[in-house]
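Notes for the one structure printed next.
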Amino acid sequence: MPSSVPADVPGVALRPARVPRGSGFSLMLSELRVLFARRRTWALLLALAAIPVLVAVAVRVSSSVPPGRGPAFLDRISQNGLFVAFTAMLVSVPLFLPLTVGVVAGDTIAGEANLGTLRYLLVAPAGRVRLLLVKYAGALAFCLVAPLTVGVAGAAIGAALFPVGPVTLLSGDVIQPPEAAVRILLIAAYLAVSLAGLSAIGLFLSTLTVVPVGAMAATVVVSVVSQVLDQLPQLEWLHPWLFSHYWFGFGDMLRQPVLWDTFASNALLQAGYITAFGALAYGRMVTKDVLS
Amino acid sequence: MNPAGGSSRPGTDGLAIETQGLTKRFGQQVAVDAVDLAVPPGSVFGFLGPNGSGKTTTIRMLLGLAAASAGTVNLLGMDMPRRFQDVLPRVGALVEGPAFYPFLSGAANLHRLDAAGRHTVPSTRKARVDGALERVGLSHAAGKKVHAYSLGMKQRLGIANALLSHRDLLVLDEPTNGLDPQGTREVRNLVRSLAHDGATVFVSSHLLAEVEQMCTHAAVMSAGRLVAQGPLADLRRAGSARIRLLTPDAGAARPVLARLGLEVEAGGVQADGEILLSDLASPGGTDGRLPEDIVGHLVAAGIRVRGFAVERESLEDRFVALTGEGFDVAQ
Numbered sequence: 004m005p006s007s008v009p010a011d012v013p014g015v016a017l018r019p020a021r022v023p024r025g026s027g028f029s030l031m032l033s034e035l036r037v038l039f040a041r042r043r044t045w046a047l048l049l050a051l052a053a054i055p056v057l058v059a060v061a062v063r064v065s066s067s068v069p070p071g072r073g074p075a076f077l078d079r080i081s082q083n084g085l086f087v088a089f090t091a092m093l094v095s096v097p098l099f100l101p102l103t104v105g106v107v108a109g110d111t112i113a114g115e116a117n118l119g120t121l122r123y124l125l126v127a128p129a130g131r132v133r134l135l136l137v138k139y140a141g142a143l144a145f146c147l148v149a150p151l152t153v154g155v156a157g158a159a160i161g162a163a164l165f166p167v168g169p170v171t172l173l174s175g176d177v178i179q180p181p182e183a184a185v186r187i188l189l190i191a192a193y194l195a196v197s198l199a200g201l202s203a204i205g206l207f208l209s210t211l212t213v214v215p216v217g218a219m220a221a222t223v224v225v226s227v228v229s230q231v232l233d234q235l236p237q238l239e240w241l242h243p244w245l246f247s248h249y250w251f252g253f254g255d256m257l258r259q260p261v262l263w264d265t266f267a268s269n270a271l272l273q274a275g276y277i278t279a280f281g282a283l284a285y286g287r288m289v290t291k292d293v294l295s
Numbered sequence: 287m288n289p290a291g292g293s294s295r296p297g298t299d300g301l302a303i304e305t306q307g308l309t310k311r312f313g314q315q316v317a318v319d320a321v322d323l324a325v326p327p328g329s330v331f332g333f334l335g336p337n338g339s340g341k342t343t344t345i346r347m348l349l350g351l352a353a354a355s356a357g358t359v360n361l362l363g364m365d366m367p368r369r370f371q372d373v374l375p376r377v378g379a380l381v382e383g384p385a386f387y388p389f390l391s392g393a394a395n396l397h398r399l400d401a402a403g404r405h406t407v408p409s410t411r412k413a414r415v416d417g418a419l420e421r422v423g424l425s426h427a428a429g430k431k432v433h434a435y436s437l438g439m440k441q442r443l444g445i446a447n448a449l450l451s452h453r454d455l456l457v458l459d460e461p462t463n464g465l466d467p468q469g470t471r472e473v474r475n476l477v478r479s480l481a482h483d484g485a486t487v488f489v490s491s492h493l494l495a496e497v498e499q500m501c502t503h504a505a506v507m508s509a510g511r512l513v514a515q516g517p518l519a520d521l522r523r524a525g526s527a528r529i530r531l532l533t534p535d536a537g538a539a540r541p542v543l544a545r546l547g548l549e550v551e552a553g554g555v556q557a558d559g560e561i562l563l564s565d566l567a568s569p570g571g572t573d574g575r576l577p578e579d580i581v582g583h584l585v586a587a588g589i590r591v592r593g594f595a596v597e598r599e600s601l602e603d604r605f606v607a608l609t610g611e612g613f614d615v616a617q
């Protein structure tokens, strides 16, 4: 009878107690693969790519836009296709980008809990803190890819439908198209940083529930509330502390030389949000009972 | 608390799973109440109990998924959850049914869960995934998306996930759920072969027959408490056989029975002259206490015997006696 097996059963006593630990980089790769293998992620990116297409087609089929009406840059599109990228990025800041980021960030932990895979990841063992970090890194990757998609799709459709030429910056200087492309990437980076704080909020909300849609909706609502508060002059004292405060500040990336002050203030503010909500998410993650 | 458990434990050290006073409270409700599990290494340990008796909650605490309200857990000689980094790589688990990413293929799911472990070796991953799929008979469906899997296939994939690396301990929660008889048989054989390779297998089930067929040891949970634990043979014996004697001379029969070493159960003498005796060690055994001998002694002493029966309790009766009858889910 196996109960009489002595204590030197392989592995129970003879093996070294400590298991060597690898770098754990595979989980990060796997996270990116899972994130970008999902049809949902592609649907979000396609929706984002559709924004510049809509803008470009609307301008193309309509008669000339009177200057000073519609979103900034809109009146310049017919002369220079690259402005489709700038316009589309501007248009997507208040709702579309936070919406898609809210979906991804709200899904991080709650989505795994909802599928039940959270328990298997933890038993693997992924480690709760490591999993949280990897999940957040995945959300950040999406924060970068999302505005990049808008910018690249905008530049592509703009180049297809309109002439491309030197771009006049907000400071009045003129840059050549290759440098304009760099500016598009710079704005994408600015927006990625802008969305990092919202992602941390989404990550925290995602640790609270097993219903991913709840965490997604809550994240999007938070982003809308922040923007509404930012509009109220009575709350001026609060404005510099709102994570959406610098969202529209990316115009400073379109000056010569680039005004880095806004970028730095924005980065500092987002770092504060990442620290605060990262700490909350950490506190929740290491103590929560995984019962789903 | 566990009459059969104490005898054959190999001592407190070297246990594959050991819990002491393990308790889980959800608000006012006590889901798991002071459970002391002792799972010997190399055993196939059946963890029995009706639905809602606290089996899965106990397993969640064993694996560090849920924190214990009180008590300690020791897996493979190490403290859980403190040493989860060292313990869990050696533990394969199926907890409360399989769970996978429906939009990934079976093989991709296993790659993902294997990559989640910090210790796993990427260079052998493909071979290990293929081997695990082969072992549960899923090689042909490896490339298929999991949302197209049947429940039984998902269950097999869940077991394959538990087998991705060399494991010293397998914790399988209801491993035959959703499997057809053929699949159930395969799981039984698989469990046996794992135990043969030296692993300890901890299998929870609400199906007694399943545990009887593959386990060497068992524990029984009821309403959050551990009501019995030990080698299966001991559990069977614990409530084993009793004699039912029908006689109008109950008073006079007692000393005669006592001389034969038979104890009358507490409250065993009933108004209609029925006597229930417990602890009839091995009737038909060699100790001269064959049923006919007992009757002979009784008759020789002038006791009028109206009825005499030896009732052997099945493990199922024992299970029902321990956990209660009926479909009521334990509160």
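As they're listed, the protein sequences go chains A and B.
Under the numbering used here, read the first sequence as residues 4 to 295, first letter to last.
Under the numbering used here, read the second sequence as residues 287 to 617, first letter to last.
From the three backbone atoms N, C-alpha and C, an ideal C-beta is built for every residue, glycine too.
Keep in mind that this is a model prediction, so the values were computed, not measured.
Can a CB atom of chain B be found closer than 9 Å to the CB of residue i?
i                       : result
tyrosine 123 (chain A)  : yes
glycine 141 (chain A)   : no
proline 128 (chain A)   : yes
leucine 294 (chain A)   : yes
arginine 42 (chain A)   : yes
arginine 287 (chain A)  : no
arginine 36 (chain A)   : yes
threonine 210 (chain A) : no
arginine 258 (chain A)  : no
glycine 119 (chain A)   : yes
leucine 48 (chain A)    : no
leucine 134 (chain A)   : yes
aspartate 110 (chain A) : no
threonine 103 (chain A) : no
When the Cα atoms are used, what is the spatial distance from residue i to residue j?
i                           : j                       : result
phenylalanine 605 (chain B) : leucine 494 (chain B)   : 8 Å
arginine 63 (chain A)       : leucine 206 (chain A)   : 40 Å
glycine 328 (chain B)       : aspartate 454 (chain B) : 9 Å
glycine 300 (chain B)       : valine 377 (chain B)    : 16 Å
valine 596 (chain B)        : threonine 406 (chain B) : 57 Å
leucine 208 (chain A)       : threonine 290 (chain A) : 15 Å
threonine 103 (chain A)     : leucine 147 (chain A)   : 12 Å
methionine 364 (chain B)    : valine 422 (chain B)    : 30 Å
leucine 532 (chain B)       : glutamate 578 (chain B) : 15 Å
proline 367 (chain B)       : alanine 352 (chain B)   : 9 Å
valine 618 (chain B)        : leucine 361 (chain B)   : Only positions 287 to 617 of chain B appear in this structure, which leaves residue 618 (chain B) out of reach.
proline 408 (chain B)       : alanine 428 (chain B)   : 19 Å
valine 457 (chain B)        : leucine 257 (chain A)   : 59 Å
By the DSSP assignment, the alpha helix (DSSP H) with residue i in it spans what residues?
i                           : result
isoleucine 580 (chain B)    : 577–586
leucine 138 (chain A)       : The sequence shown places lysine at residue 138 (chain A), not leucine. Segment 131–164, the alpha helix (DSSP H) holding lysine 138 (chain A).
arginine 398 (chain B)      : 392–402
phenylalanine 251 (chain A) : No alpha helix (DSSP H) holds phenylalanine 251 (chain A); DSSP gives it neither H nor E.
Less than 9 Å between the C-beta atoms of residue i and residue j, yes or no?
i                           : j                       : result
glutamate 382 (chain B)     : glutamate 460 (chain B) : yes
valine 359 (chain B)        : glutamate 420 (chain B) : no
valine 87 (chain A)         : alanine 158 (chain A)   : yes
glycine 350 (chain B)       : proline 375 (chain B)   : no
valine 473 (chain B)        : alanine 481 (chain B)   : no
methionine 31 (chain A)     : glycine 141 (chain A)   : yes
glycine 338 (chain B)       : alanine 504 (chain B)   : no
leucine 135 (chain A)       : tyrosine 387 (chain B)  : no
phenylalanine 145 (chain A) : leucine 38 (chain A)    : yes
So with Cβ pairs under 9 Å, would you call residue i a contact of chain A?
i                           : result
aspartate 623 (chain B)     : Residue 623 (chain B) lies beyond the stretch modelled for chain B, which goes from 287 to 617, so this question has no answer here.
phenylalanine 594 (chain B) : no
alanine 353 (chain B)       : yes
asparagine 360 (chain B)    : no
glycine 403 (chain B)       : yes
alanine 379 (chain B)       : yes
asparagine 447 (chain B)    : yes
alanine 434 (chain B)       : no
phenylalanine 370 (chain B) : yes
How is the beta strand (DSSP E) around residue i delimited, first residue to last?
i                           : result
aspartate 459 (chain B)     : 455–459
methionine 507 (chain B)    : 503–508
phenylalanine 312 (chain B) : 303–312
threonine 486 (chain B)     : 486–491
glutamine 515 (chain B)     : 511–517
Contact between the stretch 186–194 of chain A and the stretch 255–269 of chain A: three or more CB pairs below 8 Å?
yes
Pair every Cβ in the stretch 110–126 of chain A with every Cβ in the stretch 221–240 of chain A, then say whether three or more of these pairs are closer than 8 Å.
no
Inter-stretch contact (C-beta, 8 Å, three-pair minimum) for the stretch 167–178 of chain A and the stretch 115–132 of chain A
no
Touch test, the stretch 440–452 of chain B against the stretch 391–400 of chain B, Cβ-Cβ under 8 Å, three pairs minimum
yes
Could you tell me whether the stretch 43–61 of chain A touches the stretch 74–92 of chain A, where touching means 3 or more Cβ pairs closer than 8 Å?
yes
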